[in-house]
DNA sequence: TTGTACGCGTTATCAG
DNA sequence: CTGATAACGCGTACAA
């Protein structure tokens, strides 16, 4: 790898001059600029980001911490982040936390050790010292923190919509799957749904789950129908769980949506491909990723930020696990 | 952030001594070690990886280049890489290439600018200068390169198995979906299947596709059944395409697997959840990621490598888009 | 308009 | 066993 020194020698100038043309700063004569540029071309020189980073105490790297890239929801998020960052010449160091505080802390630490200029984290523990003591901007994505920059979708509203639509379509004994207690968006969804149902005086059961793993989801789905065999509507905490419920319902010989309606959350690719295809509350995952990246960049560049918190809209995506509502005049 | 200098001052020693205890190199008196360690603890000091990287001209970072993390096959790969790397204290800079040579080159360049010690790339263009001129080890993952370190699964054998099983289950007018021309594993699968079918003198059609996007897959699926309405067996280039074919077949009122059998490739989560669930040739994606990471680490540490090329086995995963073969005595 | 020299935080060499 | 100090590649005062 050629260094700035090589370029300087090759062009017959000093490193300072090379640096000037590189960074387009200060005055440099047109002729010498040409020489330098020629040298850069010949040597195929590209600046060493590490040296830059050391000197400036900041890199062009940002850290992205996700629970598990293997969960279909997160790649969308990640891709949104990546695209926006790439367009702005930032690169990404990525890590999977498995919702494990220790791993999380470890990653955040190596992020700072590598001089990242900011981080995007999807964490359930935004209020730990890990983040509080950080002196780089952090945007919380999906999993929210009060009064901290964050991008998330309106889970509560999503829950409300789900409940509302399900009732409108005739379910009367609804079961809400509550999702992991420590996962805030899951709780928001639950709350929203529960509120509506309570308001309308409609009976509902609650099933608590503790992870998003598909195999475990199957177990809970079984329990659900054992405990509440008469459930005629299930509001799941996400599409993975909804899928497990759908499979179990079908396995039990129930007709979906006639015997039991199901509404998921997220709208991952899978959802539209199931048979019957899954009605769900869609989160704009890709756009959330982009928004988070965009917000982080603003934070990094210290621009004035109006809204440090961005809530994205959620949309009812009607498919075949819910009944059609009659079109009256 | 505390620096080594701060620690030195705090402990009343020189930076050299701190460096020694940090790196456990050379002699250092037990007492002074204690002092230094105490200082490190109090100041919560962690070494600046950037400075280290600058001096040593190598970091603890590796680059991971994937076509598109949004394609369900790649997160598995990525996770395998990440887990293995994490266990060995390497961190990952990730990039999506979209199979775009320019983007690819750009990423590789920023990888080296950041002093990565190695890279894992899933690329269709391993033979470009981008990689040839690189003086860090690169492991090619999934997409293979001759005579270069690589990890891939046996696509040819997979194709053979698919053809064999499909014939054994009675299909007589088979259509092979060939997958993008520039994607080597797709061509291997095609070749394997075509070989078997030719050998056995069985008629087959070929449909060529040019991407793995799901929406486009739908179009090809339509074309397939328009052109070859009597097809009674489809060997798809991957599970995404197979899913599109399944949907189209069902839409046309065909019975699967009675009228038409379908075999996919990869075994992504989706496949087991479809109705009917998808018979497929499974690739051990996660393990492939881990193997690639492991191989790269060996390359980095310059250990003796016996097999620079690792071919992973592929397994026939029988589900419900193929008929059951009779169990004779 | 250009060059010299220092510092970013570390490691390694070489005296002591 | 420990401490100065040069060097890694770059950017920027400051001088010329």
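Residue numbers (my numbering), protein chains in the order written: chain Z, 364 to 692; chain P, 364 to 692. Cβ coordinates follow ideal geometry from the N, Cα and C atoms, glycine included. These numbers were taken from a predicted model, which means no experiment stands behind them.
- Around the beta carbon of residue 625 of chain Z, 16 or more other beta carbons lie within 10 angstroms, which makes this residue buried.
- By a beta-carbon distance limit of 8 Å, residue 547 of chain Z contacts residue 487 of chain Z. Their separation comes to about 7 Å.
- The C-beta of residue 541 of chain Z has 16 or more other C-beta atoms within 10 Å across all chains shown, which makes the residue buried.
- In the assembly as shown, residue 531 of chain P is an exposed residue. Its beta-carbon has fewer than 16 other beta-carbons within 10 Å.
- Setting aside the 5 residues that flank it on each side, residue 407 of chain Z is surrounded in the same chain by 365, each with a C-beta closer than 8 Å to its C-beta; the list follows chain order.
- If the five residues before and after residue 536 of chain Z are omitted, its C-beta is found closer than 6 Å to the C-beta atoms of 566, 593, 594 and 595, all from its own chain and listed in chain order.
- Taking a cut-off of 8 Å for Cβ pairs, the region 442-459 of chain Z and the region 649-659 of chain Z touch, as three or more such pairs fall below it.
- A Cβ-Cβ distance of about 5 Å is found for the pair residue 396 of chain P and residue 384 of chain P, placing them in contact under the 8 Å criterion.
- Using a CB distance cut-off of 8 Å, residue 442 of chain Z counts as an interface residue toward chain P.
- Judged by their CB atoms, residue 516 of chain Z and residue 674 of chain Z are nearer to each other than the 8 Å cut-off.
- Nearest to residue 524 of chain P by alpha-carbon distance, out of P:502, P:510 and P:551, is P:551.
- Cβ contact annotation for residue 649 of chain Z (same chain, cutoff 7 Å, sequence separation greater than five): 439, 442 and 443, in chain order.
- Three or more beta-carbon pairs separated by less than 8 Å are not found between the region 467-487 of chain Z and the region 464-476 of chain P, which leaves the two stretches without contact.
- The straight-line gap separating the alpha-carbon atoms of residue 368 of chain P and residue 651 of chain Z is approximately 42 Å.
- Cβ neighbours of residue 410 of chain Z within its own chain (closer than 8 Å, five residues either side excluded): 367 and 385.
- When the beta-carbon positions are compared, residue 629 of chain Z and residue 643 of chain Z come within less than 8 Å of each other.
- DSSP assignment within the region 488-519 of chain Z yields the following whole beta strand (DSSP E) runs of 3 residues or more, N-terminal first: 501-504 and 513-516.
- Chain P has a Cβ within less than 8 Å of the Cβ of residue 414 of chain Z.
- Contacts with chain P (Cβ-Cβ distance below 9 Å) from the region 451-469 of chain Z involve 452, 454, 455, 456, 457, 458, 459, 466 and 469, listed in chain order.
- Close to chain P, meaning a Cβ-Cβ distance shorter than 8 Å, are the following residues of the region 572-593 of chain Z: 577.
- For residue 386 of chain P, the closest Cβ of chain Z is not nearer than 8 Å.
- Between residue 457 of chain Z and residue 477 of chain Z, the CB-CB gap reaches or exceeds 8 Å.
- Around the C-beta of residue 426 of chain Z, 16 or more other C-beta atoms lie within 10 Å, and the residue is accordingly described as buried.
- Within 10 angstroms of the beta-carbon of residue 559 of chain Z lie 16 or more other beta-carbons, which makes it buried.
- Straight through space, the alpha carbons of residue 499 of chain P and residue 492 of chain Z are spaced by roughly 37 Å.
- Straight-line measurement puts the Cα of residue 404 of chain P at about 47 Å from the Cα of residue 632 of chain Z.
- When DSSP states are grouped into helix, strand and coil, residue 570 of chain P belongs to the strand group.
- Pairing residue 549 of chain P with residue 598 of chain P gives a Cβ-Cβ distance that is not under 8 Å.
- Nearest to residue 509 of chain Z by C-alpha distance, out of Z:420, Z:574, Z:479 and Z:671, is Z:671.
- Interface criterion not met: the Cβ of residue 400 of chain Z is under 8 Å from no Cβ in chain P.
- Inter-residue distance for residue 428 of chain Z and residue 436 of chain P is about 20 Å (C-alpha atoms, whole angstroms).
- In chain order, 636 make up the part of chain P whose C-beta sits under 8 Å from the C-beta of residue 606 of chain Z.
- Listed along chain P, the residues sitting closer than 9 Å to residue 473 of chain Z by beta-carbon distance are 409, 412, 423, 452 and 454.
- The straight-line gap separating the alpha-carbon atoms of residue 569 of chain P and residue 539 of chain P is approximately 5 Å.
- For the region 381-464 of chain P, the full-length alpha helix (DSSP H) segments reaching 4 residues or more read 393-406, 412-419 and 436-450 along the chain.
- Interface residue (Cβ-Cβ distance to chain Z less than 8 Å): residue 433 of chain P is classified as such.
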